[in-house]
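**Q** In this text, residue positions in the sequence shown follow our numbering: the first is 60, and each later residue adds one.
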Amino acid sequence: ARHAALLSGAGRALVPVCGKARDLDFLAERGLQVMGIELAERAVADYFAERGQTPEVEQRGSFELHRHGAVTISLGDALAADEASLGTFDFLYDRAALIALPLPMRLAYARVMASLVCAGARGLLITLEHDEGSGPPFSVPRSEVDEAYSAAFEIRELESADVTEESGHIRDKGASRVFERAYELTRK
Numbered sequence: 060a061r062h063a064a065l066l067s068g069a070g071r072a073l074v075p076v077c078g079k080a081r082d083l084d085f086l087a088e089r090g091l092q093v094m095g096i097e098l099a100e101r102a103v104a105d106y107f108a109e110r111g112q113t114p115e116v117e118q119r120g121s122f123e124l125h126r127h128g129a130v131t132i133s134l135g136d137a138l139a140a141d142e143a144s145l146g147t148f149d150f151l152y153d154r155a156a157l158i159a160l161p162l163p164m165r166l167a168y169a170r171v172m173a174s175l176v177c178a179g180a181r182g183l184l185i186t187l188e189h190d191e192g193s194g195p196p197f198s199v200p201r202s203e204v205d206e207a208y209s210a211a212f213e214i215r216e217l218e219s220a221d222v223t224e225e226s227g228h229i230r231d232k233g234a235s236r237v238f239e240r241a242y243e244l245t246r247k
C-alpha cells in the first residue's frame with residue numbers, strides 16, 4: 060500500500076507465485092486486470108473458494124486459467140510462462156516469488172518475468188535479506204537483485220526495514236537479522 064503510486068497508469072498486473080494472496084484483491088480493487096501465476100492447484104482453488112467465487116476455467120498453452128472478475132490465476136509453472144499463453148503486462152508485483160527460488164533458478168525466473176513486461180513497465184519487488192543460509196524464504200541481497208534484473212530493468216531501492224522481530228520462522232532457523240527490502244523496477 061505504501062508504494063501504490065507505482066500503479067499509476069498500469070492496466071495489467073503480473074503476480075508470479077501468488078498463492079492465495081490478498082495482494083491480488085488489492086491490485087484488482089485499484090482497477091487493474093490481475094494475472095497471478097501459481098503452481099499449487101490447492102492454492103488456486105482456495106483463493107476462489109474463500110471468496111465464494113466459481114471461476115471460469117480456460118486452457119491456454121500449458122496453463123489452466125481460472126478467472127473471476129478482474130482476477131485470473133494461471134495454474135502452472137512460472138518458469139514456463141510466455142507471452143503466447145499469458146500476454147504482456149505493464150506492472151510486475153513480486154512479493155514472494157524471487158525469495159522462494161533457490162539461487163540457480165533466480166536468473167532464469169528474472170529472464171522470464173522480463174519477457175512478459177512491456178518497455179516502460181514498472182514493478183515492485185520485495186525481498187528478504189538475512190544471515191541464515193537455507194530457505195525458503197531465501198536471502199536475496201542487493202547484489203543478486205542487480206545480477207538478476209539489471210540487464211532488463213532500472214532498479215531503485217525504495218526502502219529497507221528491519222523485520223527481525225516479526226520473522227520468527229527465519230530466526231528459528233538461525234537468523235540473527237532479517238531485513239525486508241522494496242525495489243522499484245522499470246523495464247528498459
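Heads up, the beta-carbon is just placed ideally off N, CA and C, and yes, glycines get one too.
(1) Is the CB-CB distance between R71 and D149 below 7 Å?
(2) Short of 7 Å in beta carbon distance, which residues of its chain neighbour A169, apart from the five on each side in sequence? Order them along the chain.
(3) According to DSSP, is G78 helix, strand or coil?
(4) Measure how close the beta-carbons of G128 and A87 come, nearest whole angstrom, since I'm counting them as under 8 Å.
(5) Could you check whether Y242 and L184 sit closer than 7 Å to each other, using their CB atoms as the reference points?
(6) Distance, Cα to Cα, A63 vs V93?
(7) Alpha carbon to alpha carbon, how far is A178 from I53? Give it in angstroms, no decimals.
(8) In the structure shown, what three-state DSSP assignment does R170 receive?
(9) When we look at the beta-carbon of G78 and count the other beta-carbons within 10 Å, is it buried (16 or more) or exposed?
(10) Following the continuous beta strand (DSSP E) through V116, name the residue where it begins and the one where it ends.
(11) Does the Cβ of G146 have 16 or more other Cβ atoms within 10 Å, making it buried, or fewer, making it exposed?
(12) Give the straight-line distance between the Cα atoms of V74 and H125, rounded to the nearest whole angstrom.
(13) Buried or exposed: S198, going by 16 or more other Cβ atoms within 10 Å of its Cβ?
**A** Judging by the given coordinates:
(1) yes
(2) A207 and Y208
(3) coil
(4) 7 Å
(5) yes
(6) 15 Å
(7) Past the boundaries of the shown model lies residue 53; the chain is included only from 60 to 247, so the question cannot be answered.
(8) helix
(9) buried
(10) E115 to R119
(11) exposed
(12) 14 Å
(13) buried
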